[in-house]
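So the structure is just underneath, and the comments pick up after that.
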Amino acid sequence: MPTETACDRLARLQQVREDLITGKAVSEVAFGEDRVRYTRADMERLDREIATAAALCREEQGLPKKRTRYAMGVRVRPY
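Going by our numbering, the first residue of the sequence shown is number 1092, and it counts up by one from there.
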């Protein structure tokens, strides 16, 4: 059983998000009365999972981690 890499998971999660946004993810379809019900999703949690998978994918590829904190520069004027 092959294991899924972080980059494969990232691509799969991005496809799921795209399907939810475009309306391709359908949970129920009925042709008799033309009924369609879309899946409910927690988009915030999906976005967090995508961000986590993206960080793991970058790490897997050997790319540097994305900086989350930046140092504040201080300039002092001499009088």
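From the three backbone atoms N, C-alpha and C, an ideal C-beta is built for every residue, glycine too.
Length of the line joining the Cα atoms of residue i and residue j
i, j, result
"residue 1105", "residue 1133", "14 Å"
"residue 1097", "residue 1140", "11 Å"
"residue 1100", "residue 1149", "12 Å"
"residue 1126", "residue 1119", "8 Å"
"residue 1131", "residue 1121", "18 Å"
With 16 other Cβ atoms within 10 Å as the buried cut-off, status of residue i
i, result
"residue 1144", "buried"
"residue 1154", "exposed"
Beta-ladder partner(s) of residue i, from DSSP
i, result
"residue 1128", "1119"
Any chain C beta carbon closer than 9 Å to residue i
i, result
"residue 1163", "Although the question refers to chain C, the structure presented lacks it and comprises just one protein chain."
Integer-rounded CB distance, given that residue j should sit under 8 Å from residue i
i, j, result
"residue 1137", "residue 1108", "6 Å"
Neighbourhood of residue i by C-beta distance below 8 Å, restricted to the same chain and skipping five residues each side
i, result
"residue 1095", "1103"
Same chain, Cβ closer than 7 Å to residue i, five either side skipped, listed in chain order
i, result
"residue 1110", "1116"
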